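Written out below as structure tokens is the structure these notes cover.
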Amino acid sequence: MTTSTILHLALVLVGGAATAVHAASDYPVQPVPFTDVRLTGGVLHARQATNSAVTMPFALGQCESSQRLRNFDLAAETLRRRAAGETDFQNKPPTQYPFDDSDVFKAIEGAAFCLSVQPDAAVAAQLEDMIRRIAAAQEPDGYLYTWRTMHPDSPAHDWIHRERWLKAPQLSHELYNLGHLYEAGVAHFQATGSLSLLDVCLKSAELLHRDFGDGELRIAPGHQVIEMGLAKLYRQTGDERWIELARFFLDCRGNGGTYSQDHQPVVDQVEAVGHAVRANYLYSGMADVAALTGDQRYLAAISRIWENVVSKKLHVTGGCGARGAGEAYGDNYELPHRCYNETCAAVAFLFWNHRMFLMTGDAQYMDVFERTLYNGALSGVSLSGDRFFYPNPLEYDGQSAGNHGHAGRAPWFGCACCPPNILRTIASLGGYVAAVQGDKLFVNLYAEGEVTATVGDTKVRLQQITRYPWDGTVDLRVNSENPSRFTLCLRIPGWVEGRPLPSDLYSYDDPTPARWSLQVNGEPFSVKPAHGYAAITREWKPGDVVTLDLPMPVRRVAGHPKVAATRGQVALERGPVVYAFEGVDNEGTVFDTVLPADATLRAEHQPDLLGGVTVLRVANAQKAQRTDSGEVATEVASLTAIPYAVWANRGLSPMTVWVARTPDRARLAPRPTVASRAKVSVSFHRGGMDPARLNDQQVPENAPDGSVPNFDFWPRKGTAEWVAYEFTESTRVNGVTVWWFDDTGTGECRLPVSWRVLYRTAADEWQPVTGASEYLIRKRDPVRVTFDPVTTRGLRLEIQLPPDFSAGLYEWEVE
Ligand SMILES: [Zn+2]
Numbered sequence: 008m009t010t011s012t013i014l015h016l017a018l019v020l021v022g023g024a025a026t027a028v029h030a031a032s033d034y035p036v037q038p039v040p041f042t043d044v045r046l047t048g049g050v051l052h053a054r055q056a057t058n059s060a061v062t063m064p065f066a067l068g069q070c071e072s073s074q075r076l077r078n079f080d081l082a083a084e085t086l087r088r089r090a091a092g093e094t095d096f097q098n099k100p101p102t103q104y105p106f107d108d109s110d111v112f113k114a115i116e117g118a119a120f121c122l123s124v125q126p127d128a129a130v131a132a133q134l135e136d137m138i139r140r141i142a143a144a145q146e147p148d149g150y151l152y153t154w155r156t157m158h159p160d161s162p163a164h165d166w167i168h169r170e171r172w173l174k175a176p177q178l179s180h181e182l183y184n185l186g187h188l189y190e191a192g193v194a195h196f197q198a199t200g201s202l203s204l205l206d207v208c209l210k211s212a213e214l215l216h217r218d219f220g221d222g223e224l225r226i227a228p229g230h231q232v233i234e235m236g237l238a239k240l241y242r243q244t245g246d247e248r249w250i251e252l253a254r255f256f257l258d259c260r261g262n263g264g265t266y267s268q269d270h271q272p273v274v275d276q277v278e279a280v281g282h283a284v285r286a287n288y289l290y291s292g293m294a295d296v297a298a299l300t301g302d303q304r305y306l307a308a309i310s311r312i313w314e315n316v317v318s319k320k321l322h323v324t325g326g327c328g329a330r331g332a333g334e335a336y337g338d339n340y341e342l343p344h345r346c347y348n349e350t351c352a353a354v355a356f357l358f359w360n361h362r363m364f365l366m367t368g369d370a371q372y373m374d375v376f377e378r379t380l381y382n383g384a385l386s387g388v389s390l391s392g393d394r395f396f397y398p399n400p401l402e403y404d405g406q407s408a409g410n411h412g413h414a415g416r417a418p419w420f421g422c423a424c425c426p427p428n429i430l431r432t433i434a435s436l437g438g439y440v441a442a443v444q445g446d447k448l449f450v451n452l453y454a455e456g457e458v459t460a461t462v463g464d465t466k467v468r469l470q471q472i473t474r475y476p477w478d479g480t481v482d483l484r485v486n487s488e489n490p491s492r493f494t495l496c497l498r499i500p501g502w503v504e505g506r507p508l509p510s511d512l513y514s515y516d517d518p519t520p521a522r523w524s525l526q527v528n529g530e531p532f533s534v535k536p537a538h539g540y541a542a543i544t545r546e547w548k549p550g551d552v553v554t555l556d557l558p559m560p561v562r563r564v565a566g567h568p569k570v571a572a573t574r575g576q577v578a579l580e581r582g583p584v585v586y587a588f589e590g591v592d593n594e595g596t597v598f599d600t601v602l603p604a605d606a607t608l609r610a611e612h613q614p615d616l617l618g619g620v621t622v623l624r625v626a627n628a629q630k631a632q633r634t635d636s637g638e639v640a641t642e643v644a645s646l647t648a649i650p651y652a653v654w655a656n657r658g659l660s661p662m663t664v665w666v667a668r669t670p671d672r673a674r675l676a677p678r679p680t681v682a683s684r685a686k687v688s689v690s691f692h693r694g695g696m697d698p699a700r701l702n703d704q705q706v707p708e709n710a711p712d713g714s715v716p717n718f719d720f721w722p723r724k725g726t727a728e729w730v731a732y733e734f735t736e737s738t739r740v741n742g743v744t745v746w747w748f749d750d751t752g753t754g755e756c757r758l759p760v761s762w763r764v765l766y767r768t769a770a771d772e773w774q775p776v777t778g779a780s781e782y783l784i785r786k787r788d789p790v791r792v793t794f795d796p797v798t799t800r801g802l803r804l805e806i807q808l809p810p811d812f813s814a815g816l817y818e819w820e821v822e
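Its first residue numbered 8, the sequence shown is counted upward by one per residue in our numbering.
Written out as structure tokens, the structure is:
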């Protein structure tokens, strides 16, 4: 053990004592740690078992094979060779982004959580090897950021400034990486008792204190998470400098834009805006700082922002961050079906809701948590555990590569934030099951398993026997060491009471509360819930059994009238589970589905389907189709809906959560056109940007909610670019209509400087069309240009991007 390790060990031990002293200024409600919760059956247990058996080793392997670990080796090599006086060499990062370091940290954190539940010497050794490589890349003064260290003379990427930290408010992600490092360091120490990574963290935090501690250099971290990381470091060590730094990074905000929530001081913010992962990490960090410092201003702000999300910006699946442009929260009620809803945003939303509960003891936050968990978060990973969604839309056409360039879930991404995020969340799921405040034991998640908690000063074992979420009956066996008096608080979910969310954003067609019931040792127990909990206070004796029965009728859900996408449409829920129609169960099509009021709905458990799920059988539904005369006809159909979270586990197939109530609201495809049948090519597109959006026949007029997917050339700026259609046969054309894309306020696309139409000649050359009308350029509204008719196999649009900006289109039609 080195001297420094011994010093840190002393610090940690002192810190342990100090943490106890500081406990009074932490969350008033304390979670039962996930290490004291054992899930033994049901959905959450199955997901957790796959997570540790498949996802964890898979993610660690990806850190190596995607070359993210190689970045650390190259930085370490640079440090060694520079120290030896060599300067005539240049290592280059083999990966795509300066934030790639963070994926390694998150994977280590997830693996450490797995180790906490189930020790594994081989995995522990693998982590130590990874940590040794990370530590070797840390500069002598504590700085850790592989892209700069291996590139000391010139920035390795546009996002990196010549000097440390100065581009952190934009995109360097220097502080973001460190936030994930600190979270990983604490998790690794708690799992293994090893200080190897925590040493790296503390050395880095000391540098932050030297660089930022005097308050002179005011840097608002462009991508938040350092605030939560520092809070964990503070809890672990008791060193108040870390929580003061967390508060400092919060208070630096208010001088930038909405993209990174830098538009106002955080305590003045009222609406969820900008990049959704950054936002939800920020709000979680504000909760931590409020809890640990007692400063209620942060709590007041995030309470307002939470109201805003839950009443205006949350999808029925509990997903958030609707806009693909800027990976951002949309406007109020901007909740399109083809939304973004990044897996990381769902994960961060879980963190935030849990913290709100810990601060208030109010079940409404865990109601929202449960909705997000069972739907918009678990959808992020396949049942096999090794395929992932980055966006989690509420409808899918069955073919487009909307998952960052992949159709369906992908094994990994160039920007791989989501897979290790879902890994660490599922690994620590047990930590959300129960919580303690004084003599109250809260039960928030119902799942087969066992919780061990200290309530008051009694050690309590609480065993749950249940088939939840498929069945709402939960037997809770209370085993305390001795007979003892405490209060068991059981969450009565909002959906039982007839409220999908604690807001008017969604409503049930039939909002009649279900008749839930409680029994204690077989005797009915009547209680009115307070703050969402049914509280049972009594002298508990070993072997006492509480039976909670939460009926789960199938519910039809309506969206708020201001949500354009859900007008005339209906979604289905049962218990906490939101359902989706997938083509594979419904003769290949779903957008033609009509669910009239007299359709009947029946739940049916299918133990062999999709890991064991309860499906919904729909009788007397309809399928709509457009007749030759253009009218809509229907035929009666029997349909099946599956839980949304498990869609896309049986190959590619169209999917939708929302379906029409009446035939006129069915989303029938327009008839094919010359443009929609054409093959698209473009001069450039980034990963995840699908050129097929140009001719998907979705135009802004039909989606006032902004849900139309666009094509754009970002991150190219100022260049001349083109898009082209190749027709299936020579076609006579005499005009085009385009819809220009401009995301001022959230992104870097503006209207182009100029554009023109070219056609492919018989000699296979591109010639400008003649006799063209004016090439107008305006936002969103269609621009039509006519020209002298030509018969050709292809058309091309040449587009000049504005200096310093990119450009794009929603759609391009051909006459
Ligand atoms: Zn992500």
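Heads up, the beta-carbon is just placed ideally off N, CA and C, and yes, glycines get one too.
Computed from a predicted structure; not experimentally measured.
query, result
"Pair every Cβ in the region 682-697 with every Cβ in the region 655-662, then say whether three or more of these pairs are closer than 8 Å.", "no"
"If you measure between the beta carbons of Tyr651 and Val585, is that distance less than 8 Å?", "yes"
"Closer than 7 Å to a non-hydrogen atom of ligand 1 - does that hold for the CB of Thr350?", "yes"
"If we count the other Cβ atoms within 10 Å of its Cβ and call it buried at 16 or more, is Asp95 buried or exposed?", "exposed"
"Would you check if the region 353-370 and the region 277-288 touch, i.e. whether three or more CB-CB distances between them fall below 8 Å?", "yes"
"Should Pro500 go down as buried or exposed, given a rule of 16 or more other Cβ atoms within 10 Å for buried?", "buried"
"Pick from Gly261, Thr265 and Trp502: whose alpha carbon is nearest that of Val274?", "Gly261"
"Going by the beta-carbon positions, is the gap between Asp482 and Thr473 smaller than 8 Å?", "yes"
"Count the other CB atoms within 10 Å of the CB of Asp795; is the residue buried (16 or more) or exposed (fewer)?", "exposed"
"So what does DSSP say about Ala128, is it helix, strand or coil?", "helix"
"Express the C-alpha separation of Asp478 and Thr621 in angstroms, rounding to a whole number.", "9 Å"
"For the beta strand (DSSP E) holding Cys327, just list the boundary residues, first then last.", "Where Cys327 is concerned, there is no enclosing beta strand (DSSP E), given that its DSSP letter is neither H nor E."
"Using a Cβ distance threshold of 8 Å, determine whether the region 448-468 contacts the region 364-377, with at least three qualifying pairs required.", "yes"
"If I measure Cβ to Cβ from Asp404 and keep anything under 6 Å in the same chain, skipping five residues before and after, which residues do I get?", "Pro661"
"So, at 8 Å on beta carbons, what are the nonlocal neighbours of Trp721 in its own chain, with the 5 sequence-adjacent residues on each side left out?", "Arg693, Met696, Gly754, Glu755, Cys756, Ser813 and Gly815"
"Have a look at Asp136 and Asn98 and give me their C-alpha separation to the nearest angstrom.", "22 Å"
"Take Gly117 and list the residues in its own chain whose beta-carbon comes closer than 7 Å to its own, dropping the five residues that flank it on each side.", "Met63, Ala66, Pro427, Leu430, Arg431 and Ala434"
"Following the continuous alpha helix (DSSP H) through Thr244, name the residue where it begins and the one where it ends.", "Ile233 to Thr244"
"Given Asn486, which residues of its chain have a CB within under 6 Å of its CB, disregarding the five upstream and five downstream residues?", "Arg468 and Pro549"
"With a CB to CB cut of under 7 Å and the five nearest residues on each side skipped, what residues in its chain are close to His29?", "Bear in mind that the predicted position of His29 carries a pLDDT of just 43, short of 50, making it unreliable; the figure below should be weighed with that in mind. For His29, where only same-chain residues beyond five positions count, the Cβ hits under 7 Å are Gly245."
"Beta carbon of Cys259: closer than 7 Å to some heavy atom of ligand 1?", "no"
"Please classify Thr573: does DSSP put it in a helix, a strand, or coil?", "helix"
"Can you find a heavy atom of ligand 1 that lies under 7 Å from the Cβ of Cys70?", "no"
"Quick one: residues in its chain with C-beta nearer than 7 Å to the C-beta of Glu642, no 5 flanking neighbours on either side, listed in chain order?", "Gln629 and Lys630"
"Check whether the region 51-63 touches the region 382-400, counting contact only when three or more Cβ pairs, one atom from each stretch, lie closer than 8 Å.", "yes"
"Quick one: what does DSSP say Tyr290 is sitting in, helix, strand or coil?", "helix"
"Identify whether Ala667 lies in helix, strand or coil by the three-state DSSP scheme.", "strand"
"For Tyr340, collect the residues of the same chain with a Cβ closer than 7 Å to its Cβ; drop the 5 residues on either side in sequence, then sort them by chain order.", "Lys319, His567, Lys569 and Val570"
"Whole angstroms are fine: how far does the CA of Leu237 sit from the CA of Thr300?", "13 Å"
"Assuming Ala542 contacts Cys496 under a Cβ cut-off of 8 Å, what Cβ separation, rounded to an integer in Å, is found between them?", "5 Å"
"Output the boundary residues of the alpha helix (DSSP H) element that contains Thr480.", "Looking at the DSSP string, Thr480 is not in any alpha helix (DSSP H); the run it does join, the beta strand (DSSP E), is Thr480 to Ser487."
"With H, G and I counted as helix, E and B as strand and the rest as coil, what does DSSP make of Leu173?", "coil"
"May I have a chain-ordered list of the beta strand (DSSP E) segments no shorter than 3 residues that lie completely inside the region 539-585?", "540-547, 551-556, 561-566 and 576-581"
"Taking contact to mean 3 or more Cβ pairs, one atom from each stretch, closer than 8 Å, check whether the region 35-43 and the region 67-74 are in contact.", "no"
"Could you pull the start and end residues of the beta strand (DSSP E) that Asp795 belongs to?", "Val790 to Gln807"
"Would you say Cys425 touches ligand 1, meaning its beta carbon is less than 7 Å from a heavy atom?", "yes"
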